[in-house]
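Those protein sequence lines, which keep their order, are chains Y and G. Using numbering that gives the first Met the number 0, the first residue of the first sequence is number 0, and each one after it goes up by one. Using numbering that gives the first Met the number 0, the first residue of the second sequence is number 0, and each one after it goes up by one. All residues carry an ideal CB built from backbone N, CA and C; glycine is no exception. See structure below.
There are 2 protein chains.
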Amino acid sequence: MEASLVRLPERNTRNRVTISHVADALGLTKSTVSRAMNGYSDISEATQLRVKRMAEKMGYHPLSHAQAIKTGRTRSLGLVLQFADHDAQRPFLAEFLAGVSAGASTEGWTLTVAATDSHSGLIETFRAILRDGKADGFILPRALCNDPRVHLLRKADVPFVLFGRQDNAEGCAWFDVLGEEAMQDAVRHLAGLGHRRIGFINGGQQYAYAALRADGFAEGMRLCGLDIDEGLIAQNAVTLEDGARAAAKILDHANPPTAIVCAVDFAALGAYRAAAERGLSVGRDLSIIGYDGIPEGAFAQPPLTTFAVDNRAAGHALATLLIRRVKGEPLETLRKTVPATFVKRDSTGPKSPERSTK
Amino acid sequence: MEASLVRLPERNTRNRVTISHVADALGLTKSTVSRAMNGYSDISEATQLRVKRMAEKMGYHPLSHAQAIKTGRTRSLGLVLQFADHDAQRPFLAEFLAGVSAGASTEGWTLTVAATDSHSGLIETFRAILRDGKADGFILPRALCNDPRVHLLRKADVPFVLFGRQDNAEGCAWFDVLGEEAMQDAVRHLAGLGHRRIGFINGGQQYAYAALRADGFAEGMRLCGLDIDEGLIAQNAVTLEDGARAAAKILDHANPPTAIVCAVDFAALGAYRAAAERGLSVGRDLSIIGYDGIPEGAFAQPPLTTFAVDNRAAGHALATLLIRRVKGEPLETLRKTVPATFVKRDSTGPKSPERSTK
DNA sequence: TCCCTTGCCGAAACCGGTTTCGGTCCGCAG
DNA sequence: CTGCGGACCGAAACCGGTTTCGGCAAGGGA
Chain Y
0 MEASLVRLPE RNTRNRVTIS HVADALGLTK STVSRAMNGY SDISEATQLR VKRMAEKMGY
60 HPLSHAQAIK TGRTRSLGLV LQFADHDAQR PFLAEFLAGV SAGASTEGWT LTVAATDSHS
120 GLIETFRAIL RDGKADGFIL PRALCNDPRV HLLRKADVPF VLFGRQDNAE GCAWFDVLGE
180 EAMQDAVRHL AGLGHRRIGF INGGQQYAYA ALRADGFAEG MRLCGLDIDE GLIAQNAVTL
240 EDGARAAAKI LDHANPPTAI VCAVDFAALG AYRAAAERGL SVGRDLSIIG YDGIPEGAFA
300 QPPLTTFAVD NRAAGHALAT LLIRRVKGEP LETLRKTVPA TFVKRDSTGP KSPERSTK
Chain G
0 MEASLVRLPE RNTRNRVTIS HVADALGLTK STVSRAMNGY SDISEATQLR VKRMAEKMGY
60 HPLSHAQAIK TGRTRSLGLV LQFADHDAQR PFLAEFLAGV SAGASTEGWT LTVAATDSHS
120 GLIETFRAIL RDGKADGFIL PRALCNDPRV HLLRKADVPF VLFGRQDNAE GCAWFDVLGE
180 EAMQDAVRHL AGLGHRRIGF INGGQQYAYA ALRADGFAEG MRLCGLDIDE GLIAQNAVTL
240 EDGARAAAKI LDHANPPTAI VCAVDFAALG AYRAAAERGL SVGRDLSIIG YDGIPEGAFA
300 QPPLTTFAVD NRAAGHALAT LLIRRVKGEP LETLRKTVPA TFVKRDSTGP KSPERSTK
């Protein structure tokens, strides 16, 4: 009769209001109350109202895991974090989490998060959560080009939403910020300041956003009638160090640019360093423009002109989208994009005439 | 018969291995299998082994929410984050979360997190999670002096563990880093370098750690036979700006110190700024020592001498402790402390003779 | 030999919901 | 007046576990 450990006290009988209590109070049966609460049409409007009022009054909240045993759903969103990535994820995380959790809780849902280091553990983590029914769907941050998580969930027929887009949109709902539009506007902004030789430092190519932002940059150049010099383009810069290296390469070009567009703020800050090492004053000799809106950008010298992304809003939107997805709304209505917001600070300025004579 | 939305497909019948399957395969009943899995002593050793083997072989994993309906427990840890706080929480968060989630998942538990902005929403969030039975216990990061969360959970008789200690230890399990020991060692380190006038910038007084670290500093001064000048002590510095202000006050003292101990790294970096504004070279004219081990410290000029806290390990430990707490282990065995690790870098150096003549 | 433990397991109730299947009442056409 | 189809709700099964209670057989003491 004894378990190996101490016998645990019952916790569920803690004077909880159950569906039976509500039913008794109204002289109805559990089944009627259940269907009324769930809005079934075979319960009259009048009864539905009566039931919902009484439930409210008595403080009845259906136990999600009691429902889950039959429905298989527990009203919780899954979020699997990967920490093997570069540090860029850190400032991002807090805001994002706040948004997701806020979005979930306003709908009465909760968030279960898991983290993995290893790349292999990733899929295993998803499987474990699904096996235990701990999440009804997943939010996938940082969409990759050919995302293994998408393959897994698509095959398992589990709802998910991406932060970022996906070429093969089958089964994909998403929320994304229009990085391509931002890159295009960045070029326009610089061209408007008189810059004609403009470099581009892209982010990690494994990410879905990289190709988009590259396209945006190219489109901007085309619209402004500017030529793209492949020597002024770098890839895969996601950290400050990456950015410094990439900018160094670009600035050491025989015919260097007077401005650089960066797909990632950290890379932009790295470009600051490369500029300093070459005696270039950012904002005067060299204009730099970033993307992300990390707090460090505002404190940099000079403050970084950038396109800010509201990660909290993104998290909120993703939570809402996923909930609607789990509820069965059609995919087409669950794809949203918003523009980044341009933040003009002091790292971009008119092309300096001295350097142009070079 | 129709729900308001689209009828959702059943998900639970997805060829899941249930306890009945295992029972049938062994010619036993559900109840026997259940008790065998849970290690009840009224099931023979032999049968327990048979059952567990078969469960393993068939891939049987009990559904936590099916268990929960009777036991009230779902094998999940709760974590409620507050974002109204200062930004200092950010670098902390990712590592901590990784640790908690790793600790939970190695035990087969999961983590449900929620976030609140408002101070009032905090308690409400706890209540909602408890009401829905979404967590069996809570991890409380950043213990406050008279923590309202502790009051709530103590009264509700819900298990919890603190990151930080608590004066009234009733019902409290915790994990903490010995900040007082670090402060004491900081003074010793500086005294060993010849410093005799040492300032102290403390962190937020609402936090439980503040008093401890202040004590540690005082004890260190006493042990080294140094006098404490109240004019060289400041409180409530948790951000860089706070630290700059506090350090300014201390450095503008008629008889300024040659070294400052900071209870928080951010404050230490603020002290850098104040020092620079007064033409003092950190590490030569003024020694500064911090606590936390934030990444920014390593990149500061000069790199910051500090006491590093392993937040990932802390998260891991807290998860493990909470699980044991929920399982019913006695409180006394669930209080752990570890020392911070001293990281000697370049912001501390021997007392410069020039300044001492002043 | 008989009775009483003790060890071990089965039968059935139970947890808090959802869902299937009827059954009653009513209005209305035949 | 009868038959019939909705509208609306109750009865009972069910979901996947846990727990209570009791039964049976083996073993030990009197």
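Give, in chain order, every residue of the segment 94 to 113 of chain Y whose Cβ lies closer than 7 Å to some Cβ of chain G. LEU96, ALA97, SER100, ALA101, SER104, THR109, LEU110, THR111, VAL112 and ALA113
Taking the straight line between their C-alpha atoms, what separation do you get for Y:PHE125 and Y:ALA142? As a first step, residue 125 of chain Y is located in the first sequence; it is residue number 126 there, counting from the start. As a first step, residue 142 of chain Y is located in the first sequence; it is residue number 143 there, counting from the start. About 16 Å.
Burial state of Y:ASN254 (16 or more Cβ within 10 Å): On the first sequence, residue 254 of chain Y is found 255 positions in, with the first residue counted as 1. Here Y:ASN254 is exposed, its C-beta having fewer than 16 other C-beta atoms within 10 Å.
Measure the CB-CB distance between G:GLY296 and G:GLU94 and report whether it falls below 9 Å. Stepping through the second sequence from its first residue, residue 296 of chain G is reached at position 297. Stepping through the second sequence from its first residue, residue 94 of chain G is reached at position 95. No, Cβ-Cβ distance for G:GLY296 and G:GLU94 is not below 9 Å.
Could you name the residues of the segment 128 to 154 of chain G whose beta carbon sits closer than 8 Å to any beta carbon of chain Y, in the order they occur along the chain? ILE128, ARG130, ASP131, GLY132 and LYS133
In this structure, what does DSSP give as the bridge partners for Y:GLN300? Working through the first sequence from its first residue, we reach residue 300 of chain Y at position 301. DSSP lists no partner for Y:GLN300.
Measure the Cβ-Cβ separation of G:GLN165 and G:LEU121 and say whether it is below 9 Å. Position 166 of the second sequence, counted from the start, is the residue given in the question as residue 165 of chain G. Position 122 of the second sequence, counted from the start, is the residue given in the question as residue 121 of chain G. Going by C-beta atoms, G:GLN165 is not nearer than 9 Å to G:LEU121.
Residues of the segment 315 to 342 of chain Y whose Cβ lies closer than 7 Å to any Cβ of chain G, in chain order: LYS326 and GLY327
Alpha carbon of Y:ARG344 to alpha carbon of Y:TRP173, nearest angstrom: Within the first sequence, numbered from 1, the residue matching residue 344 of chain Y stands at position 345. Within the first sequence, numbered from 1, the residue matching residue 173 of chain Y stands at position 174. The alpha-carbon atoms of Y:ARG344 and Y:TRP173 are separated by roughly 31 Å.
Neighbourhood of G:VAL342 by C-beta, 6 Å cutoff - its chain only, sequence neighbours within 5 removed: Counting from one through the second sequence, the residue named residue 342 of chain G turns up at place 343. Excluding the 5 residues flanking it on each side, G:VAL342 has same chain C-beta neighbours closer than 6 Å at THR305 and ALA307, in chain order.
So which residues on chain Y does G:ALA67 lean against when the C-beta distance must stay under 7 Å? As a working mapping, residue 67 of chain G is identified with position 68 in the second sequence. Within chain Y, the residues near G:ALA67 are HIS64.
By how many angstroms is the C-alpha of G:LYS350 removed from the C-alpha of G:THR356? Here residue 356 of chain G is taken as the residue at index 357 of the second sequence, counted from 1. Here residue 350 of chain G is taken as the residue at index 351 of the second sequence, counted from 1. Because G:THR356 carries a pLDDT of 38, less than 50, the predicted location of this residue cannot be relied on, and the following value inherits that uncertainty. Whole-angstrom Cα-Cα distance: 11 Å.
Work out the CA separation of G:CYS171 and Y:GLY163 for me, nearest whole Å. Counting from 1 along the first sequence, the entry for residue 163 of chain Y is found at position 164. Counting from 1 along the second sequence, the entry for residue 171 of chain G is found at position 172. If I take the Cα positions, the gap works out to 43 Å.
Chain Y within 9 Å of G:ASP116, Cβ atoms only: As a first step, residue 116 of chain G is located in the second sequence; it is residue number 117 there, counting from the start. By this cut-off, G:ASP116 is an interface position.
Would you kindly work out how many angstroms separate the C-alpha atoms of Y:THR17 and G:LEU152, rounded to a whole number? Walking along the first sequence from the start, residue 17 of chain Y turns up at place 18. Walking along the second sequence from the start, residue 152 of chain G turns up at place 153. Cα-Cα distance, rounded: 23 Å.
Using a 10 Å radius around the Cβ and a threshold of 16 neighbouring Cβ atoms, would you call G:ASN310 buried or exposed? Indexing the second sequence from 1 puts residue 310 of chain G at position 311. When all chains shown are included, G:ASN310 counts as buried.
Given G:ALA299, which residues of its chain have a CB within under 7 Å of its CB, disregarding the five upstream and five downstream residues? On the second sequence, residue 299 of chain G is found 300 positions in, with the first residue counted as 1. So the list reads LEU268 and TYR271, once near-sequence residues are dropped.
Look at the alpha carbon of Y:LEU250 and the alpha carbon of Y:SER286, and state the distance between them as a whole number of angstroms. In the first sequence, the residue the question calls residue 250 of chain Y occupies position 251. In the first sequence, the residue the question calls residue 286 of chain Y occupies position 287. The straight-line gap from Cα to Cα measures roughly 12 Å.
How close, in whole Å, do the beta carbons of Y:ALA209 and Y:GLY203 come, if the pair is a contact with beta carbons under 8 Å? The sequence position of residue 209 of chain Y within the first sequence is 210, counting from 1. The sequence position of residue 203 of chain Y within the first sequence is 204, counting from 1. The pair is a contact, with the Cβ atoms about 6 Å apart (cut-off 8 Å).
Please tell me whether Y:ALA103 and Y:LEU129 are closer than 9 Å, where the distance is taken between their beta carbons. To locate residue 103 of chain Y, count along the first sequence from 1; it is residue 104. To locate residue 129 of chain Y, count along the first sequence from 1; it is residue 130. A distance of 9 Å or more separates the beta carbons of Y:ALA103 and Y:LEU129.
Cutoff 7 Å; reference G:ALA101; Cβ partners in own chain excluding five residues on either side: The residue labelled residue 101 of chain G in the question sits at position 102 within the second sequence. Hits under 7 Å: HIS315.
State the Cα-Cα distance for the pair Y:PRO329 and Y:GLY292, rounded to the nearest angstrom. For the purposes of this step, residue 329 of chain Y is taken as residue 330 along the first sequence, with counting starting at 1. For the purposes of this step, residue 292 of chain Y is taken as residue 293 along the first sequence, with counting starting at 1. The alpha-carbon atoms of Y:PRO329 and Y:GLY292 are separated by roughly 33 Å.
Can you name the residues of chain G whose CB is closer than 7 Å to the CB of Y:SER346? Your numbering for residue 346 of chain Y matches position 347 in the first sequence. Chain G residues near Y:SER346: none, gap ~20 Å exceeds 7 Å.
Pick from Y:ALA262, Y:TYR206 and Y:ARG244 that is closest to Y:GLU180, judged by C-alpha positions: The count along the first sequence starts at 1 and reaches residue 180 of chain Y at position 181. If we check each option's Cα against that of Y:GLU180, Y:ALA262 comes out closest.
Which runs of the alpha helix (DSSP H), 4 residues or longer, sit entirely within the segment 309 to 343 of chain Y? 310 to 325
In the DSSP assignment, what residue or residues form a beta bridge with Y:SER286? The residue you call residue 286 of chain Y lines up with position 287 of the first sequence. The partner list for Y:SER286 (beta bridge, DSSP) reads Y:ALA258.
Y:ARG334: which of Y:VAL160, Y:GLY107, Y:ARG34 and Y:THR115 sits nearest, CA to CA? The sequence position of residue 334 of chain Y within the first sequence is 335, counting from 1. Nearest option by C-alpha distance: Y:VAL160.
Cβ pair G:HIS150, G:THR347 closer than 9 Å: Position 151 of the second sequence, counting from 1, holds the residue named residue 150 of chain G. Position 348 of the second sequence, counting from 1, holds the residue named residue 347 of chain G. It is not a contact, given that the beta carbons lie outside the stated cut-off.
For the segment 28 to 51 of chain G, list every residue whose C-beta sits within 7 Å of some C-beta in chain Y, in sequence order. Per Cβ criterion, the list reads ASN37, GLY38, TYR39, SER40 and ASP41.
Could you give the first and the last residue of the continuous alpha helix (DSSP H) run that contains Y:PHE216? Position 217 of the first sequence, counting from 1, holds the residue named residue 216 of chain Y. Residues 207 to 222.
So within the segment 43 to 94 of chain G, which uninterrupted alpha helix (DSSP H) runs reach at least 4 residues, ignoring any that extend past its ends? 44 to 57 and 63 to 70
For Y:LEU161, report the span of its alpha helix (DSSP H) as first-last. Looking up residue 161 of chain Y in the first sequence gives position 162. Not the alpha helix (DSSP H): Y:LEU161 falls in the beta strand (DSSP E), residues 159 to 162.
Cβ-based neighbour list, Y:GLN47, same chain, cut-off 8 Å, excluding 5 preceding and 5 following: Locating residue 47 of chain Y in the first sequence gives position 48, counting from the first residue. Contacts found: ALA35 and GLY38.
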